[in-house]
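To keep things clear, I will list the structure first and then write my remarks on it.
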DNA sequence: TTAGAACCTGCAGTGACTACAGATTCAAGA
DNA sequence: TCTTGAATCTGTAGTCACTGCAGGTTCTAA
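Protein chains in written order, with the working numbering: chain A, 1 to 161; chain B, 1 to 161.
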């Protein structure tokens with residue numbers, strides 16, 4: 001009937017899996033390539049066939065990404081989920097570390113926002129001889145500076161996008 | 001005395017410029033390569049020599065980065081700063097757009113933070129049969145889900161780092 | 001049988017750097 | 001003048017998490 005090497009009810013091709021999870025096909029293949037998803041079965045022609053185990057694993061990864069974990073962190077979390085002993089403490093440690101970095105990023109972004117909104121308001125009030133935004137960028141002694149003065153050199157980019 | 005093609009008081013080598021701005025040497029060269037900084041003069045041996053104009057331009061770029069602008073946005077802002085006519089309105093538009101994207105990123109991060117903190121607290125309260133973090137990742141119908149249910153597929157990564 | 005959708009592999013590009021190799025130049029001391 | 005070692009040079013590759021494309025193969029429905 002069909003040419004699956006091992007076909008079961010509920011098996012999906014990559015396109016169907018992409019559709020049901022909202023994860024692009026290319027990304028699924030990428031996750032497999034870097035070892036975050038196990039290799040699925042194949043049809044005789046070489047097309048991937050996913051069973052329930054694969055689907056659960058992909059969902060795990062995607063939920064991790066929604067919470068902002070890096071793929072390396074997710075890799076650790078996957079290992080913990082499959083291990084068991086002491087997993088909860090280790091998972092909590094990963095989460096706390098991640099929470100710290102999110103808080104730091106929010107703090108960074110909030111500082112930027114504050115300065116930018118002040119500058120944009122100054123633009124709007126207008127009738128200044130020069131643009132407050134461009135002046136601030138051209139010369140930090142002008143209105144845009146942070147209250148605490150010159151900040152430490154930024155080794156990591158503030159907004160890597 | 002020295003071998004500058006055109007030497008002036010206040011001229012700096014790349015190392016001194018890096019030191020005074022806090023911007024790594026490699027990054028300065030990178031900005032030059034992508035055309036964000038103009039090509040500096042050179043010594044007869046080929047070492048870069050920076051004058052005040054270059055220093056001001058680098059400072060402009062770095063302040064833009066501190067405010068989270070992308071290098072492309074900074075490129076536009078540089079052009080506006082050198083142009084003049086209507087520059088303020090254009091600069092404000094760029095800033096407002098940037099403000100919008102920062103607000104969106106803060107909102108994303110705040111949502112993540114909320115879920116993560118709830119999960120980490122649940123871990124700490126402990127004595128559960130299973131780890132709340134790992135359970136949430138394994139099965140979204142558990143405690144970690146957002147109130148509005150399954151979110152739209154995330155085409156852009158939530159935290160690209 | 002055939003058309004076309006879906007899938008395959010492999011590679012290149014993104015942004016904003018960062019790191020390295022291997023060569024050259026510079027400045028200061030002997 | 002010579003030497004030493006720091007600073008600089010160019011060019012390339014790696015980072016993260018994908019995304020897009022070229023060129024080929026397989027699958028499925030009519």
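No residue lacks a Cβ here, since even glycine has one placed at the ideal position from N, Cα and C.
Between residue 11 of chain B and residue 64 of chain B, the beta carbon gap of about 24 Å keeps them out of contact (Cβ cut-off 8 Å). Residues of the region 76 to 97 of chain A with a Cβ closer than 7 Å to any Cβ of chain B, in chain order: 77, 80, 81, 87, 88, 91, 92, 95, 96. In the three-state reduction of the DSSP assignment, residue 41 of chain B falls in the strand class.
Around the Cβ of residue 20 of chain B, a 10 Å sphere holds fewer than 16 other Cβ atoms; the residue is exposed. With a cut-off of 8 Å on Cβ pairs, the region 94 to 106 of chain B is in contact with the region 98 to 115 of chain A, counting three or more such pairs. For residue 120 of chain A, the residues of chain B that pass the 8 Å Cβ criterion are 92, 95, 96, 99, in the order they occur in the chain. As the crow flies, the alpha-carbon of residue 58 of chain A is around 18 Å from that of residue 83 of chain A.
The region 40 to 56 of chain B makes no contact with the region 72 to 90 of chain B, as fewer than three CB pairs between them are under 8 Å. One alpha carbon belongs to residue 15 of chain B, the other to residue 66 of chain A, and they sit about 41 Å apart. The beta carbon of residue 13 of chain A sits no closer than 9 Å to any beta carbon of chain B.
Contact residues of the region 51 to 70 of chain B toward chain A are 56, 59, 60, 61, 62, 63, 64, 65, 66, 67, 68, 69, 70 (C-beta to C-beta distance below 9 Å). Pairing residue 108 of chain B with residue 68 of chain A gives a Cβ-Cβ distance under 9 Å. A Cβ-Cβ separation of about 6 Å places residue 87 of chain A in contact with residue 134 of chain B under the 8 Å criterion.
From the beta-carbon of residue 110 of chain B, the residues of chain A found nearer than 9 Å are 102, 106.
Within the DSSP secondary-structure output, residue 48 of chain B pairs in a beta bridge with B/42. In the displayed model, residue 12 of chain A falls within a strand according to three-state DSSP. Of the other Cβ atoms in all chains shown, 16 or more fall within 10 Å of the Cβ of residue 122 of chain B; this residue is therefore buried.
Between the alpha carbons of residue 70 of chain B and residue 37 of chain B lies a distance of about 15 Å. For the set B/72, B/42, B/60, the Cα lying nearest the Cα of residue 136 of chain A is the one of B/60. Proximity to residue 120 of chain A across B/95, B/31, B/47, B/29 peaks at B/95, based on C-alpha coordinates. Minimum Cα-Cα distance from residue 132 of chain B among the listed residues A/89, A/55, A/118 corresponds to A/89.
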